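Below you'll find the structure, written out as structure tokens, and then a few comments.
In my numbering, the protein residues as written are 4 to 235.
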């Protein structure tokens with residue numbers, strides 16, 4: 004189930020950045036399934052996704068040739084596949100970092116919100132290592148990065164007016180419609196907002212959420228409810 008660390012991290016970030024917790028939870032659901040860590044070499048690491056086309060753009064000369072020869076970079080998005088498991092993804096990232104650590108970390112999305120390391124300067128971090136360190140510090144750091152990105156990109160207002168297409172464009176990119184990101188985000192928000200309403204004491208039955216939203220029997224939303232129900 005969703006850990007206490009993750010639930011409290013999202014609530015803390017929501018309070019700090021004045022963004023609805025249900026929106027943060029919905030984005031985390033889409034980006035990482037609400038999971039903050041995976042095991043790798045006996046340690047807890049944030050979930051990562053390496054983007055080979057980002058890496059390619061950040062390299063030149065011998066480094067780029069080396070990365071391409073090892074299948075770690077390509078000028079074409081999607082040509083460098085991400086392994087299904089996080090341990091294998093971390094090994095991929097480690098291989099890329101041996102060629103150029105800064106470029107490798109910038110070419111990776113991190114944590115609950117899968118924020119790209121390339122945004123480190125724009126988000127106000129001293130270095131990409133400082134950005135990565137916050138992601139690796141725990142769920143609170145990851146939730147703060149997600150909320151910081153939303154605030155910096157001016158998406159809080161779009162969330163407030165429920166303009167999910169604008170949120171999806173700003174968070175997922177201009178191709179958001181291809182994977183129905185806006186529709187899935189709207190649905191996830193509705194579920195999480197309904198769970199939040201129950202947590203605040205609406206008195207609704209456990210299996211009947213407000214409106215037409217049904218509480219699923221399994222999955223991230225159910226796990227959030229099971230966690231929040233402890234405090235009702």
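Positions of the beta carbon are idealized from the N, C-alpha and C atoms, including for glycine. Computed from a prediction, not measured in an experiment: that's the story for all the values here.
If you check the CB distance, residue 190 and residue 173 do not come in under 8 Å. Setting aside the 5 residues that flank it on each side, residue 29 is surrounded in the same chain by 188, 191, 192 and 195, each with a C-beta closer than 7 Å to its C-beta; the list follows chain order.
In terms of CA proximity to residue 159, 25 leads the group 77, 113 and 25. Residue 57 places its beta carbon 8 Å or farther from that of residue 6. Annotation: the continuous beta strand (DSSP E) that includes residue 113 extends over 111-113.
DSSP places residue 51 inside the beta strand (DSSP E), whose first and last residues are 51-53.
A straight line joining the alpha-carbon of residue 17 with that of residue 33 spans about 17 Å.
When the alpha-carbon of residue 128 is set against those of 147, 68 and 142, the nearest one is in 147. For residue 91, the enclosing alpha helix (DSSP H) starts and ends at 89-102. If you draw a straight line from the Cα of residue 8 to the Cα of residue 132, it comes to about 23 Å.
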